Amino acid sequence: MEWPSQPGAFPDWRRSGRMSCDFRDLVTIVVTYRAMTIIGGAGPSSQGGRSPGPALATGTLPDRHQTPSGYRPSSTHEGSPMSAELAPGWSYELVPLPDGRTCEVLVHGDQERALVHQPGTPSGAAPDPLLAEVCDALGLRVVVPLRPGYGRSTPNPGRRMADVPGDIEAVVAKLGVREFISAGYSGGGPHSLATAALAPSCKAAAVVVSPAPRDAEGLDYYDGMAPSNHEEWALADQGPDAVRPWLERHGAEIRENPVGNFVELTGDALPEVDRAVIAGDAGRVGAGLAKALENGIEGWFEDDIALTTPWGFDLPSVTTPVAFWAGRQDKFISCRHTAWMALQIPGSDLHLLAEHGHLSLMRALLPELLGDLIRKAGW
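In the working numbering, the protein residues as written are 1478 to 1856.
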């Protein structure tokens, strides 16, 4: 295979969804070729770098590493021991679903167009000043549905990846959202991809530092995965009875001390660039973990099973515009997972960044990531 010497001249393997080179070679070549590159779409900008996002007054955005003041522990909400007293502009909504379940949703703003943010595994939804300010600047409402089993969302045992987009369509319809873009991070990445495949109101989707399907042909699934994450995934591979005790034990520890025990559990997966995110944004990180686990580990458990069993949709069938983002320093999920998925979807974009890990990428590039989705949606 010949690799291009000039930007924008990549071979046809991306469009066909096939490649003959090793995934390690792909990542090495692309990252060496340029620290930040885009494969697919319109290609790099005429300035030789990545395409710029919409004009944003970056000086007005909050410090990406400041601890947010929007989430303050409170015991004033009966029946929700880890609920929050919210900053102005944020609200938790309980949305009834057609099958009788309830979806808890965190909302900011009232625009008809929205960002549906799909958090990682395990993570709930906590107010995020950076997300609010970027979305306000872009004219987007923030909608963060908690997947079944997280927070006060009703569990849905046996759910597949393909089951979540129906919940999201019901939520946005109830909230009066006309159309939306989706961004899913880590364990939320496959859910964002499923939403692109199956939710008619979704106009574009970002899949960020995401795992690939467990049966991804030709992908060494555990290569590059830190031992702590490998342990969890290997147990989930063995089935529900194997992974549940592990989740119960570590879920109880994280509930007791969300940030400290999360870092202790995942320390071998945290490069310095990700440790800096946690150190500077501990309030938001801890609030999201606490919200996710406030009623136990069912959401985390359902996510693990959904991630390691068939997803319920075919990647090549996705026609909604999709952008994949990954960091070369990611030790939770190798960026080769992201490269593999991008190859399966004709016309998708692949962004590989040498300087980012699992936690840092979305925080550092949020305005650009969302601006790219708005362009893809044609808004």
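Just so it is clear, CB atoms sit at the ideal spot from N, CA and C, and this is done for glycine as well.
Model, not experiment: these values are computed from the prediction.
Worksheet item: Does the Cβ-Cβ distance between Lys1680 and Trp1856 come in under 9 Å?
Response: Within the sequence shown, the letter at position 203 stands for residue 1680. Within the sequence shown, the letter at position 379 stands for residue 1856. The answer is yes: Cβ separation under 9 Å.
Worksheet item: Going by beta carbon distance, what residues of the same chain come within less than 6 Å of Gly1601, once the five residues before and after it are set aside?
Response: Within the sequence shown, the letter at position 124 stands for residue 1601. So the qualifying residues of the chain are Leu1623, Tyr1627, Gly1628, Gly1765, Lys1768, Ala1769.
Fill in: Beta-carbon proximity check, Leu1846 vs Ala1660, cutoff 9 Å
As a first step, residue 1846 is located in the sequence shown; it is residue number 369 there, counting from the start. As a first step, residue 1660 is located in the sequence shown; it is residue number 183 there, counting from the start. In contact: Leu1846 and Ala1660 (Cβ atoms closer than 9 Å).
Worksheet entry | CA nearest to the CA of Pro1735, picked from Arg1721, Glu1656, Val1750, Ala1759 | Numbered from 1 along the sequence shown, position 258 holds the residue referred to as residue 1735. Nearest of Arg1721, Glu1656, Val1750, Ala1759 to Pro1735, Cα basis: Ala1759.
Worksheet entry | Backbone secondary structure at Gln1588 - three-state DSSP | As a position in the sequence shown, residue 1588 is number 111, starting the count at 1. Gln1588: coil per DSSP, three-state reduction.
Worksheet entry | Alpha-carbon spacing of Leu1827 relative to Ala1816, whole angstroms | As a first step, residue 1827 must be located in the sequence shown, where it is residue number 350. As a first step, residue 1816 must be located in the sequence shown, where it is residue number 339. Computed Cα separation, rounded: 7 Å.
Item to complete: Report yes or no: do the stretch 1638–1648 and the stretch 1795–1805 share at least 3 C-beta pairs separated by less than 8 Å?
Response: no
Worksheet item: For Gly1566 versus His1594, is the C-beta spacing smaller than 9 Å?
Response: Against the sequence shown, residue 1566 aligns to sequence position 89. Against the sequence shown, residue 1594 aligns to sequence position 117. No, the Cβ-Cβ distance between Gly1566 and His1594 is not below 9 Å.
Fill in: Residues that His1594 bridges to, as DSSP identifies them
In the sequence shown, residue 1594 corresponds to position 117, counting from 1. The partner list for His1594 (beta bridge, DSSP) reads Ala1660.
Fill in: Per-residue burial, Glu1741 [other beta carbons within 10 Å of its own, 16 or more giving buried]
Taking the first residue of the sequence shown as position 1, residue 1741 is located at position 264. Answer is exposed; the Cβ neighbour count stays below 16.
Practice prompt. Could you tell me if Leu1571 is buried or exposed, where buried requires 16 or more neighbouring beta carbons within 10 angstroms of its beta carbon?
Written response: Position 94 of the sequence shown holds residue 1571. The residue is exposed, with fewer than 16 neighbouring Cβ atoms inside 10 Å.
Fill in: Residue from Ala1831, Pro1575, Glu1779 whose Cα sits closest to the Cα of Ala1713
By one-based count along the sequence shown, residue 1713 stands at place 236. Looking at the Cα atoms, Glu1779 is the closest of the given residues.
Worksheet item: By Cβ distance below 7 Å, which residues in the same chain neighbour Arg1636 in space, the five residues on each side in sequence not counted?
Response: Position 159 of the sequence shown, counting from 1, holds the residue named residue 1636. Pro1625, Glu1779, Ala1783.
Practice prompt. Determine the direct distance from the alpha carbon of Phe1657 to that of Lys1853, and round the result to whole angstroms.
Written response: One-based indexing of the sequence shown puts residue 1853 at position 376. One-based indexing of the sequence shown puts residue 1657 at position 180. Using only the alpha carbons, I get a separation of about 12 Å.
Item to complete: Compute the Euclidean distance between the alpha carbons of Leu1563 and His1833, then round it to the nearest angstrom.
Response: Here residue 1563 refers to the residue found at position 86 when the sequence shown is read from its first residue. Here residue 1833 refers to the residue found at position 356 when the sequence shown is read from its first residue. Distance between the alpha carbons of Leu1563 and His1833 is about 31 Å.
Worksheet item: In terms of residue numbering, what span does the beta strand (DSSP E) encompassing Asp1826 cover?
Response: Residue numbering aside, residue 1826 sits at position 349 when the sequence shown is read from its first letter. First-last of the beta strand (DSSP E) with Asp1826: 1826–1830.
Fill in: Proximity winner among Leu1696, Leu1574, Arg1691, relative to Pro1642 (alpha-carbon distances)
If you number the sequence shown from 1, residue 1642 lands on position 165. It is Leu1574 whose Cα lies nearest to the Cα of Pro1642.
Worksheet item: Straight-line CA distance for Leu1503 to Ala1683?
Response: Mapped onto the sequence shown, residue 1503 falls at position 26. Mapped onto the sequence shown, residue 1683 falls at position 206. With a pLDDT of only 47 at Leu1503, under the threshold of 50, the placement of this residue in the model should not be trusted, and no figure is reported.
Fill in: Limits of the beta strand (DSSP E) - the one that Gly1804 falls within
By 1-based counting over the sequence shown, the position of residue 1804 is 327. Note, Gly1804: beta strand (DSSP E), 1799–1804.
Practice prompt. Sort Trp1777, Ala1756, Arg1691 by Cα distance to Arg1721 and report the nearest one.
Written response: Working through the sequence shown from its first residue, we reach residue 1721 at position 244. Closest option to Arg1721, Cα to Cα, is Trp1777.
Fill in: Residue range of the beta strand (DSSP E) that includes Trp1732
Start at 1 with the first residue of the sequence shown, and residue 1732 comes out as number 255. Looking at the sequence provided, one finds Arg at residue 1732 rather than Trp. Where Arg1732 is concerned, there is no enclosing beta strand (DSSP E), although the alpha helix (DSSP H) it sits in stretches over 1717–1733.
Practice prompt. Consider the C-beta atom of Gly1716 and the heavy atoms of the ligand COA; say whether any pair is separated by less than 8 Å.
Written response: In terms of ligand content, the structure shown is empty, and the ligand COA therefore cannot be addressed.
Item to complete: Please name the residue in Leu1843, Leu1675, Cys1580, His1668 whose C-alpha comes closest to that of Ser1794.
Response: By 1-based counting over the sequence shown, the position of residue 1794 is 317. It is Leu1675 whose Cα lies nearest to the Cα of Ser1794.
Worksheet item: Cβ of Arg1655 within 9 Å of Cβ of Arg1726?
Response: By one-based count along the sequence shown, residue 1655 stands at place 178. By one-based count along the sequence shown, residue 1726 stands at place 249. Cβ distance not < 9 Å, so Arg1655 and Arg1726 don't count as in contact.
Worksheet item: The beta strand (DSSP E) spanning Leu1571 covers which residue range?
Response: Taking the sequence shown and counting its residues from 1, the one referred to as residue 1571 is at position 94. 1567–1573 is the span of the beta strand (DSSP E), which, as asked, contains Leu1571.
Worksheet entry | Of the listed residues Val1582, Tyr1699, Glu1610, Val1750, nearest to Leu1843 (C-alpha basis) | Numbered from its first residue, the sequence shown carries residue 1843 at position 366. Comparing Cα positions, the closest option is Glu1610.
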